[in-house]
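Undergrad: Starting off with a structure, shown below.
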Amino acid sequence: MILASLTWSEAAKLGERERVAVLPLGSTEEHGPIGPLGTDFIIPDRMAADIESRISDKVVILPTLPYGVAPALTSFPGTVDIGYEAMCSVLKACVDTMLRCGVRRFLFLNGHGGNTAAIDTAGLYLYHKGGQAAEVDWWVLCGQMKQEWLCGHGGGIESSVAKAVRPDWVHPGALFESQVVHLSDRLRNTHIHNVEFQGLSVKMIRDAADSIPSGDAGYGDSPSRVDEQLGAEILRAVTDYTVDFIEEFLTVNLSRRHS
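For what it's worth, our numbering labels the leading residue of the sequence shown as 98, then goes sequentially.
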């Protein structure tokens, strides 16, 4: 079911059977040389639509949130950062809305790593009200499925999935050279906030415009490897997995609580 399509009286009946509320969310932010600003929300938005088409009677899909927590990326034009506090407020409001409708299971279908702290806060808020939250990060899943699908930020994998969703938004011909600024010869940047030292990873916080001036980062995942067919394959795989997870989520006994 799609929440926005219901009347208020129809929404009042959502709790008459077990369902999972699914909230697609992401960010509007830079994504490297060819990744569109909407990458982080168009991917979970498509996943949610595909999930709804397959198990409509088991889910209620909330409208996609296109804004997120992205303070390190605001030096890049077009990036919107609503901040942690605002994000927490919005997520808690969505949780409360579903609880009033009788839906206690909530899946955050997340497209942006910067949202995780707010999702954790909202998830615990739901738990203390008798519900249970889950978070699916599609880019984490695909990297666990196959080593060659390990996904950086604004790189080839993410751009491929974005192109599978909106081929008209991703233009490989606009590609320019990736740039990474290392802190020193021995502190080598491996992601936006991560450096490698003596073979191990350490987080060192910088503005992304200083660490990755081209806007893409991570795992040697060059945007030059963008491939729409590969993106479609990844999208199918993570969506299939998420459908299976939702089916299992519906079997969880929510009455089990720490006394």
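Built from N, CA and C at the ideal position, the CB exists for glycine as well.
Once you ignore the five residues that flank L120 on each side, which residues in its own chain have a CB closer than 6 Å to its CB?
TA: Locating residue 120 in the sequence shown gives position 23, where the first residue counts as 1. Counting only Cβ-Cβ distances below 6 Å, and skipping sequence neighbours, we find L159, C191, F205.
Undergrad: Which one of H290, G228, D265 has the shortest CA to CA distance from V200?
TA: Taking the sequence shown and counting its residues from 1, one reaches residue 200 at position 103. Cα-wise, what sits closest to V200 is G228.
Undergrad: Cβ of I140 within 8 Å of Cβ of V292?
TA: In the sequence shown, residue 140 corresponds to position 43, counting from 1. In the sequence shown, residue 292 corresponds to position 195, counting from 1. Cβ distance not < 8 Å, so I140 and V292 don't count as in contact.
Undergrad: Between K155 and the rest of its own chain, which residues show a CB-CB distance below 7 Å, the 5 nearest in sequence each way excluded?
TA: Your numbering for residue 155 matches position 58 in the sequence shown. Contacts found: R116, V117, I343, L347.
Undergrad: Does the segment 304 to 311 come close enough to the segment 270 to 283 that 3 or more CB-CB pairs lie under 8 Å?
TA: Short answer: they touch.
Undergrad: Given a cut-off of 8 Å on the beta-carbon distance, is the pair V166 and D178 in contact?
TA: Taking the first residue of the sequence shown as position 1, residue 166 is located at position 69. Taking the first residue of the sequence shown as position 1, residue 178 is located at position 81. Yes, the pair counts as a contact, with Cβ atoms nearer than the cut-off.
Undergrad: Output the residue ranges of the beta strand (DSSP E) runs that lie fully inside the segment 205 to 245 and measure 3 residues or longer, sorted by chain position.
TA: Those beta strand (DSSP E) runs which fall completely within the segment 205 to 245 and span 3+ residues are 229 to 234.
Undergrad: With a threshold of 16 other CB atoms inside 10 Å of the CB of H279, please say whether the residue is buried or exposed.
TA: Start at 1 with the first residue of the sequence shown, and residue 279 comes out as number 182. When all chains shown are included, H279 counts as exposed.
Undergrad: I'd like to confirm the pairing. Which residues does DSSP put opposite L332 in its beta bridges?
TA: Locating residue 332 in the sequence shown gives position 235, where the first residue counts as 1. According to DSSP, L332 bridges with nothing at all.
Undergrad: Run through DSSP, which three-state label would V277 get?
TA: In the sequence shown, residue 277 corresponds to position 180, counting from 1. Here V277 sits in coil by DSSP.
Undergrad: With DSSP as the reference, label P168 as helix, strand or coil.
TA: Taking the first residue of the sequence shown as 1, we reach residue 168 at position 71. It is helical.
Undergrad: Distance check for H128 and H250, CA to CA, integer angstroms please.
TA: The residue you call residue 250 lines up with position 153 of the sequence shown. The residue you call residue 128 lines up with position 31 of the sequence shown. Between H250 and H128, the C-alpha separation is close to 7 Å.
Undergrad: According to DSSP, is T176 part of a helix, a strand, or is it coil?
TA: Against the sequence shown, residue 176 aligns to sequence position 79. T176 falls in the coil class under three-state DSSP.
Undergrad: Using DSSP with H/G/I as helix, E/B as strand and the rest coil, what is S150?
TA: Here residue 150 refers to the residue found at position 53 of the sequence shown. Three-state DSSP puts S150 in a helix.
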